[in-house]
Amino acid sequence: MGMAIGSENGKTSVKPDMNVTPLVDVVLVLLIIFMVLAPVVTEGFDVRLPPKDETDQALDQANDPNKPLVLSVAVDGAYEVNSVRIEQDELPGRLGRMFNARPDNVLYVDGADDVAYGRVLQGVDFARTGGAAPVVMITKKLE
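Counting from 3, one number per residue, gives the positions in the sequence shown under the numbering used here.
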């Protein structure tokens, strides 16, 4: 940092003057570093994804973002998402992938009348693990 000492109307005054040479040096060094590293960073790598099975294809067709996502619990305890049967151990992972393709994570749960309540709650727990929020229970209107 430099200074200029001079006088105005007989008074001495100090005027600070900033030296920008070190700043320019640092900026030029950073520019050269980024220019050298730019081709290295843009290289990609290949990814091998597992093939889709029939259930994945059926879920892709059933996962329309304009329609609600409904988890149904059948009388025998089987789980279905929009009429596509899903095994219990696959349910959280598949629901998570379906929610990633949707703007919201709302899930409607519809349990059969004769299914055990614990089985429906287990389905809700799987849905929450998969990322469902909120989970809405479908009920019948009492007359």
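Don't be surprised by glycine CBs; every beta carbon is placed ideally from N, CA and C.
What does the alpha-carbon distance come out to for the pair residue i and residue j?
i    : j    : result
F173 : A40  : Nothing can be reported for residue 173: it is not among the residues displayed for the chain, which extend from 3 to 145.
P94  : G133 : 8 Å
A114 : P67  : 25 Å
P70  : R96  : 16 Å
L123 : Q90  : 13 Å
T44  : L25  : 28 Å
Q63  : V42  : 39 Å
A103 : L32  : 40 Å
F36  : V49  : 27 Å
V16  : V22  : 19 Å
D55  : K142 : 35 Å
Anyone know if the C-beta pair for residue i and residue j falls short of 7 Å?
i    : j    : result
A80  : L109 : no
V83  : L73  : yes
D112 : I88  : no
V126 : V138 : no
D116 : V77  : yes
With 16 other CB atoms within 10 Å as the buried threshold, where does residue i fall?
i    : result
G120 : exposed
L2   : Given that the chain is displayed from residue 3 to residue 145, the structure contains no residue 2 and the question cannot be resolved.
N107 : buried
Self-check item: alpha helix (DSSP H) segments (min. 4 residues) lying fully within the region 49 to 117
Solution: 56 to 64, 93 to 102
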